[in-house]
Each structure stands twice: as C-alpha cells, then as structure tokens.
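Student: 174 is the number that numbering that gives the first Met the number 0 gives to position 175 of the sequence shown; each next residue is one higher, with no gaps. Each residue gets a CB set at the ideal place from its N, CA and C atoms; glycine is no exception. Take a look at this one; I'll ask things after.
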Amino acid sequence: MYALSAIAGGAATVASAILAVAVVQPSTTVPDTMWSYPWPSDTFVLVCLVYAVFHALVLVGVLGFARSGAAGTGRAARAGGLLAVAGTAVLFIAELASILYRTEPLSATGPSIVGAIFGLGTVLTALGILMTGVTTLRAGVWQDWRRYVPLVTGVWSALLVGLAATSALAIGVGVYGLCILALGVALRTPAPATTARIAA
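Written out as structure tokens, the structure reads:
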C-alpha cells in the first residue's frame, strides 16, 4: 500500500506539472499576479482538491518510508521521518486553504499567509527527507540505486524553496514528483532485510 501510494502520488504530480507547463500556462488569460495563476478561479477549486489528493497519496508513501526501517532506527532517522510526514501534511492543508483566496492577488494577506504555509511545509519536508537520506546511506539496509533516492529527494525538496517564487516552480514540482515516484519504486522492491516489514 505504501509503495503504490507513493508511486501513484509521484506519477500524478509529474503529469499535473507537465499539463500546467505545456498546456495551461501557454494559453492562460489569468494574470501571473493572481493567486490562482495559471488556472481560472472556478477551475482552481477543483485543481486544489486534486492536488490535495496527490499530497495525501505522497503522505502515505512518506509514512511508509519512515516506517520501513530503511533509514535505520536511530533518533535522527525517527526525527527525520516525523518531519517529512509533518511537512507533507502541511502541504495538504495549504492546498485546501488555497481555495479560500482563489480570486485574490498574490500581494493580498490571505495568499501571503497560505504561501508561507506552503513554504513551511516544503522546508519541513526537505529537512526531514534530508535527515533520513543521510541515515539511509549510513544504515546500509537499501543497496544499489535505492540507497541514494531519499537523499536526492531531500536535496531537491530543499531546492524547491528557492524555486517557489520563480516561473520554474511547476517544473521543480514535476521533478519532485519523479523523486517521490522513485521512492515508491524503492519501497516496492525492498532489501531482503526489510521485506517482512514493508507492506508494498
């Protein structure tokens, strides 16, 4: 369940990013100064609900990784897993909160607050996955390419903080989706030592 949820959430995030960059942004008439950009306000409601589902799927996948034992059993691994789960939950909440301010400009108070919530969720997620990325390398439970996936995901999540205020955000989110997809695949094919502990 955990692995499939991460794969589904990651793949959906990639697909939505491609749609936004290749189809919606080039044809939108919504000013980029509006919170709902590039979506019209009525469509934005549905988009936020769909994105919230994506975050929920990713949340289940991140929880599965935190519980898998791949990052080890030390304090840093546990703390990192908790931060990553909390950060993803905050992103879920931010998506729903976005609906309230769909007709407002970016400079308004509401969008500014929700933007800060997104930032908090991204920072918590990045910090948590970075911590578990380091402990995964040290634990040695995962071998070959799998042992690097959490660290790469954490590094890219940290880079998203800098991309948040740029036009490259959608592309950055798409790459994040690829990282989550890879994390799900890694969970799906666990090392022998963790096979009995992961519900894939």
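Per DSSP, Pro104 is paired with what?
Tutor: Met33
Student: Can you give the Cα-Cα distance for Thr121 and Thr152, rounded to whole angstroms?
Tutor: 12 Å
Student: On a Cα-Cα basis, can you pick out the residue from Leu162, Leu129, Gly161 that is closest to Val148?
Tutor: Leu129
Student: Tell me the DSSP secondary structure of Pro2 in three-state form.
Tutor: Here residue 2 turns out to be Ala, not Pro, going by the sequence shown. Helix, per DSSP.
Student: Run through the stretch 107-141 for me and flag every whole alpha helix (DSSP H) of 4 or more residues, listed as ranges in chain order.
Tutor: 108-138
Student: Quick check: the Cα distance between Pro37 and Val46, rounded to an integer number of angstroms?
Tutor: 11 Å
Student: Secondary structure at Pro149, three-state DSSP: helix, strand or coil?
Tutor: In the structure shown, Pro149 sits in a helix (DSSP, three-state: H, G or I).
Student: Could you tell me how far apart the beta carbons of Ala65 and Thr135 are, in whole angstroms, since I believe they sit closer than 8 Å?
Tutor: Rounded to the nearest angstrom, the Cβ distance from Ala65 to Thr135 is 11 Å, too far for a contact under 8 Å.
Student: Let me confirm a value: Leu48 is counted as buried when at least 16 other C-beta atoms fall within 10 Å, else exposed. Which label applies?
Tutor: Exposed is the call here.
Student: Who are the near neighbours of Leu99 in its chain, counting only those whose CB is closer than 7 Å to its CB and skipping five residues on each side?
Tutor: In chain order, Gly109 place their CB closer than 7 Å to the CB of Leu99, counting only its own chain and leaving out the 5 sequence neighbours on each side.
Student: Please identify the residue among Gly114, Leu62, Gly73 whose C-alpha is closest to the C-alpha of Leu82.
Tutor: Leu62
Student: Taking 8 Å as the cut-off, does the stretch 175-190 touch the stretch 22-38 (at least 3 CB pairs, one atom from each stretch)?
Tutor: no
Student: Just verifying my parser: in three-state terms, what is the DSSP assignment at Trp38?
Tutor: The answer is coil: DSSP assigns Trp38 none of H, G, I, E or B.
Student: Whose C-beta lies closer than 6 Å to the C-beta of Leu180 among residues of the same chain, with five residues either side of it excluded?
Tutor: Ile6, Gly9, Ala10
Student: I'd like to check one pair, Val113 with Ser97: are the Cβ atoms closer than 7 Å?
Tutor: Yes, Cβ-Cβ distance for Ser97 and Val113 is below 7 Å.
Student: In the DSSP assignment, the alpha helix (DSSP H) including Ala185 goes from what residue to what residue?
Tutor: Unbroken alpha helix (DSSP H) run through Ala185: 168-187.
Student: Between Tyr36 and the ligand NAD, is the CB less than 6 Å from at least one heavy atom?
Tutor: In terms of ligand content, the structure shown is empty, and the ligand NAD therefore cannot be addressed.
Student: For Leu162, which residues of its own chain have a beta-carbon under 6 Å away from its beta-carbon, when the five flanking residues on both sides are left out?
Tutor: Leu168, Gly171
Student: I'd like the list of long-range same chain contacts for Pro39, defined as Cβ closer than 7 Å, with 5 residues on each side in sequence excluded.
Tutor: Val29
Student: According to the neighbour-count rule (16 or more other Cβ atoms, all chains shown, within 10 Å of its Cβ), is Ala138 buried or exposed?
Tutor: With 16 or more other Cβ atoms within 10 Å, it is buried.
Student: Going by Cα to Cα distance, which pick from Arg101, Thr87, Val89 is closest to Val44?
Tutor: Arg101
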